[in-house]
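Protein chains: 2
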Amino acid sequence: MGQRRVEVVRAAIELLDEVGLDGLTMRLLAARLGVRASALYRHYPSKQALLDAMVAHLATPPAAAPPPPEGPWDERLRHVATGVREVMLAHRDGARLMAGFQDPGGAAVAAFHDLVAALGADGLTTEAAVVAVDTVLAFVNGYTFEEQARKAAVPRDRRDRDFHAGLELIIGGVHASLP
Amino acid sequence: MGQRRVEVVRAAIELLDEVGLDGLTMRLLAARLGVRASALYRHYPSKQALLDAMVAHLATPPAAAPPPPEGPWDERLRHVATGVREVMLAHRDGARLMAGFQDPGGAAVAAFHDLVAALGADGLTTEAAVVAVDTVLAFVNGYTFEEQARKAAVPRDRRDRDFHAGLELIIGGVHASLP
DNA sequence: TGTACACGTGAACGTTGTTCACCTCGGACG
DNA sequence: CGTCCGAGGTGAACAACGTTCACGTGTACA
């Protein structure tokens, strides 16, 4: 049925990498699909809906998912944080795209609650787990957004080191706040 | 000379609070000034330049500045973090506006270096100070952006508590990383 | 055979940022 | 006094954008 829908969103992501978020135009995307712009509105009611679908598509791990991460809570936090950053950096303007999404997909909230629950089953109070996850995610979003917007000149390995240093600072803070 | 420039930027900020960043249009701003849109280009070469000027204007503390903060490094970090968040929350779409600025004004980098230097004069190595400041600012940006974009329903005092909890987590992490 | 339905067309609409040639007016200067 | 100049504003236009709407077309299924 909605088979064309995923072709559209895939083409949109390809185009994003070539022209950036500001260059991503309904007309241009339509041209890449050999179609007129008005045809896109058969599949998505608005450009914002298309952008949301792109976010959902990027945030959904491939069917051949990596093994579900087991391990202590700090390992888990590290895994999620680097994963989110990786997803954002994988595409041009990825951070800006994901920061602008309008409808937080149900999958995202589910993943959030799963992570909090996992941390809760590993010694942290629910309260502490929520704060830790919220803080790490805010840091990842803020850092990666800035990184992609204004640090194209800084070499990648330096940005990686700074990111991990910040992440370890937060994880150390969680450790220090335990009973 | 450039007296009209600041009138324009002031009117733009007022208008921002009324119509939001998406509603902020050159024509609408011109109308508020009793002028046609093309006249605005006498003062700013592009809309982006105007937006940058708004950011610079908002980030510049009023002439009657509060007393320069003295105290230990953690107190200083708290002060800066809450101050930045306050500035962003003071205007509609403030976080989005300040996240989109193109030219990081020289005043901003100066403030950054001053803060790092201050922390350095208080027991932290320069390396640790840079990481701490970077991490706190990334957190503040990420948290406040999300807060303003999608948490209008959550009461203010709850958002304040969550913010401070995250901030204390990071400051605790800095403490734990000291020799 | 007929009829849904998915998909696409083409032309238009209103709005946006921006440019350009031109106008106006107040003050400095010879 | 006349003249020039620069700051500021006008009005019309341009290309591009997201979006809408009435209308076509082919394919699969009853």
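Chains as they are written, first to last, in the numbering used here: chain A, 1 to 179; chain B, 180 to 358. Yeah, the Cβ is synthetic: ideal placement off N, Cα and C, and Gly gets one too.
Roughly how many angstroms separate the alpha carbons of residue i and residue j, rounded to a whole number?
i	j	result
G94 (chain A)	A344 (chain B)	28 Å
G83 (chain A)	F101 (chain A)	18 Å
K226 (chain B)	D74 (chain A)	45 Å
F342 (chain B)	L24 (chain A)	34 Å
A111 (chain A)	R36 (chain A)	37 Å
G302 (chain B)	A81 (chain A)	29 Å
L348 (chain B)	A300 (chain B)	23 Å
V266 (chain B)	P66 (chain A)	42 Å
L194 (chain B)	P334 (chain B)	25 Å
Just verifying my parser: in three-state terms, what is the DSSP assignment at residue i?
i	result
D114 (chain A)	helix
H43 (chain A)	coil
S217 (chain B)	helix
F318 (chain B)	helix
L212 (chain B)	coil
G285 (chain B)	helix
H270 (chain B)	coil
D122 (chain A)	coil
V9 (chain A)	helix
A232 (chain B)	helix
Using 10 angstroms around the beta-carbon of residue i, count the other beta-carbons present and answer buried if the total reaches 16, otherwise exposed.
i	result
V133 (chain A)	buried
H91 (chain A)	buried
T304 (chain B)	exposed
Q182 (chain B)	exposed
D157 (chain A)	exposed
G106 (chain A)	exposed
D52 (chain A)	buried
A147 (chain A)	For the record, residue 147 (chain A) in the displayed sequence is Glu; it is not Ala. Flag for E147 (chain A) reads buried.
A307 (chain B)	buried
Taking Cβ to Cβ, would you say residue i is nearer than 8 Å to residue j?
i	j	result
F318 (chain B)	A99 (chain A)	no
G173 (chain A)	G250 (chain B)	no
L77 (chain A)	V136 (chain A)	yes
L200 (chain B)	L268 (chain B)	no
A355 (chain B)	H175 (chain A)	yes
L85 (chain A)	H43 (chain A)	The sequence shown places Arg at residue 85 (chain A), rather than the Leu named in the question. No, they are not a contact pair.
V309 (chain B)	V288 (chain B)	no
N141 (chain A)	G321 (chain B)	yes
Exercise. Spell out a yes or no on whether the stretch 203-213 of chain B and the stretch 183-190 of chain B are touching, meaning 3 or more CB-CB pairs, one atom from each, closer than 8 Å.
Key: yes
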